[in-house]
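Below: one structure, written as structure tokens.
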Amino acid sequence: MIDIVAVLRAEDAALDFLSVLGEEQHETHILCGDTGERLVLPAGRPLADRLDALAPLVRPVDEDAASPGSEALAALVETSAGGGPARLWTHSPADTRRSRGRLGRDTADVAGGRPVLHAVGHSPYLQFISDLDRPLDRAGVAAKLAFVNRHCGHLLRTASEEHVVRTGRVHATERFFAAGPEERERLFALLASLDEDAATVDDPWEFATSAYESERLDTTVAWIASHCPPDSGPLVEVGACEGALTTRLVDKGFTVHATEPNAAFRHRLAARAGGAARIHPESLEELAARPALPGAAYLLIEMLYYGQDPGLLDRLPADLVFVALEPETLAATLTPWLERTPHWEKADERPLVAPALEAVCGGRAYLSKRGSIGVLLRRTGG
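Here you go:
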């Protein structure tokens, strides 16, 4: 049996797959996605020799390092397997370092039916249910630390979040899981945030099945209705995604202008709203730059997480803006801005949903959802 370890960069083989390198009875092939290099480690070679062979492939920090794509990975895998049996090991599709997550997904897609195990790897937001756990003994951990200190000093010092090596990225127990195509895509989309990859699956944040999200959305609708009844005028929902909130508002009798810049999400939004809402492609920045969509209120529900300037609210053609955010982000961004601006006042603030732990991706992982607080802003004459 050949072990094929497909990683973005050479050091990943030591950081996340040392236990695989330590299987001395197996021939092991290391595939480095960023350079296309392939290192063959013959069976019978001790771990120390294998790490010595790996060390010259460790490269300087490269922010452009990326998965080479399915075609190139397929060629590397087939060359290594040589038409025979092989077992693949690669990154998790949910690795927060997106280049590694993409390579893990792409490698599994071209495995040709061979078994694939994904390293849990770097996962600060998700706790995984793994299928195979391999605790390293003291000698194994010492070998991993020595490799990092000897060959990866520049990665201990770098400011690059993609490539920096910190304690949490050097695992004493290496954990692995197997996943089918649908689960891989969902894990990859879940960590995509605003990236276009978030739209590669329907309902990436599982609004349709999540008890937490259902409570949050229902409470949000009730909160909006308590201040702005359906006959008060149209609502402009910014960043409507696939319409989980939109459809609830329409069902309550509201006229909704739903804006969504992501084309895939917007297509699903239009299909889901069924003509009951009016769909627009503008982002918050575009709506502020060309304030041609007036409404009784604007809805910025769970979308001010990505560095948007709260000052954009000044140019929105409405005197009421409903904002919902997790408490930490609210305290760090909206509250300080609200204390400085002369143009807006807080008309209401209330909790919409309490924090909770919730399973995702069919129970493969779970995470902490931090709660949501609604703040109603009213324009002043300042």
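The sequence shown begins at 60 in my numbering and counts up one residue at a time.
We put the beta carbon where it would ideally sit given N, CA and C, even for glycine.
Everything numeric in this text was worked out from a predicted model, so none of it was measured.
Limits of the alpha helix (DSSP H) - the one that residue i falls within
{"i": "residue 398", "result": "394-399"}
{"i": "residue 197", "result": "197-210"}
{"i": "residue 376", "result": "Unbroken run through residue 376: none, as it is neither H nor E."}
{"i": "residue 465", "result": "The structure shown does not extend to residue 465, since the chain is modelled only from 60 to 441, so the question has no answer here."}
{"i": "residue 308", "result": "303-310"}
{"i": "residue 296", "result": "No alpha helix (DSSP H) contains residue 296, which is instead part of the beta strand (DSSP E) from 294-297."}
Beta-carbon proximity of residue i to residue j, cut-off 9 angstroms
{"i": "residue 297", "j": "residue 279", "result": "no"}
{"i": "residue 67", "j": "residue 125", "result": "yes"}
{"i": "residue 89", "j": "residue 72", "result": "yes"}
{"i": "residue 401", "j": "residue 376", "result": "no"}
{"i": "residue 100", "j": "residue 80", "result": "yes"}
{"i": "residue 385", "j": "residue 338", "result": "no"}
{"i": "residue 176", "j": "residue 146", "result": "yes"}
{"i": "residue 403", "j": "residue 359", "result": "no"}
{"i": "residue 258", "j": "residue 329", "result": "no"}
{"i": "residue 222", "j": "residue 180", "result": "no"}
{"i": "residue 242", "j": "residue 420", "result": "yes"}
{"i": "residue 332", "j": "residue 305", "result": "yes"}
{"i": "residue 267", "j": "residue 309", "result": "no"}
Top-ranked residue by Cα proximity to residue i, from the options
{"i": "residue 442", "options": "346, 302 and 349", "result": "Since the first residue shown for the chain is 60 and the last is 441, residue 442 is missing from the structure and cannot be characterised."}
{"i": "residue 153", "options": "204, 249 and 325", "result": "249"}
{"i": "residue 106", "options": "264, 121 and 76", "result": "76"}
{"i": "residue 63", "options": "132, 127, 117 and 93", "result": "132"}
{"i": "residue 417", "options": "190, 188 and 270", "result": "270"}
{"i": "residue 8", "options": "119, 120 and 148", "result": "As displayed, the chain neither begins before 60 nor continues past 441, which places residue 8 out of reach and without an answer."}
{"i": "residue 165", "options": "309, 121 and 238", "result": "238"}
{"i": "residue 343", "options": "330, 110 and 362", "result": "362"}
{"i": "residue 367", "options": "392, 186 and 380", "result": "392"}
{"i": "residue 214", "options": "151, 225 and 399", "result": "225"}
{"i": "residue 217", "options": "93, 300 and 118", "result": "118"}
{"i": "residue 129", "options": "95, 142 and 121", "result": "95"}
Where the beta strand (DSSP E) containing residue i begins and where it ends
{"i": "residue 112", "result": "Run containing residue 112: none in the beta strand (DSSP E); it sits in the alpha helix (DSSP H), 106-113."}
{"i": "residue 444", "result": "Only positions 60 to 441 of the chain appear in the structure, and residue 444 is not among them; the question remains open."}
{"i": "residue 232", "result": "232-236"}
{"i": "residue 410", "result": "403-412"}
{"i": "residue 75", "result": "No beta strand (DSSP E) contains residue 75, which is instead part of the alpha helix (DSSP H) from 69-75."}
{"i": "residue 155", "result": "No beta strand (DSSP E) contains residue 155, which DSSP labels as neither H nor E."}
{"i": "residue 243", "result": "Element bounds for residue 243: not the beta strand (DSSP E) but the alpha helix (DSSP H), 240-249."}
{"i": "residue 177", "result": "175-178"}
{"i": "residue 222", "result": "Here residue 222 belongs to no beta strand (DSSP E), and DSSP marks it neither H nor E."}
Nearest-angstrom Cα separation, counted from residue j out to residue i
{"i": "residue 170", "j": "residue 324", "result": "30 angstroms"}
{"i": "residue 277", "j": "residue 307", "result": "8 angstroms"}
{"i": "residue 327", "j": "residue 246", "result": "20 angstroms"}
{"i": "residue 127", "j": "residue 162", "result": "8 angstroms"}
{"i": "residue 157", "j": "residue 355", "result": "39 angstroms"}
{"i": "residue 357", "j": "residue 284", "result": "13 angstroms"}
{"i": "residue 208", "j": "residue 262", "result": "43 angstroms"}
{"i": "residue 192", "j": "residue 407", "result": "49 angstroms"}
{"i": "residue 234", "j": "residue 173", "result": "19 angstroms"}
{"i": "residue 205", "j": "residue 136", "result": "29 angstroms"}
{"i": "residue 236", "j": "residue 188", "result": "8 angstroms"}
{"i": "residue 93", "j": "residue 197", "result": "31 angstroms"}
Proximity test, Cβ basis, 9 angstroms: residue i and chain C
{"i": "residue 143", "result": "Protein chain content of the structure displayed is limited to a single chain, and chain C is not contained in it."}
For the 8 angstroms Cβ check, are there 3 or more pairs between the stretch 381-397 and the stretch 411-429? Between the stretch 381-397 and the stretch 411-429 there are three or more inter-stretch CB-CB distances shorter than 8 angstroms, so the stretches are counted as touching.
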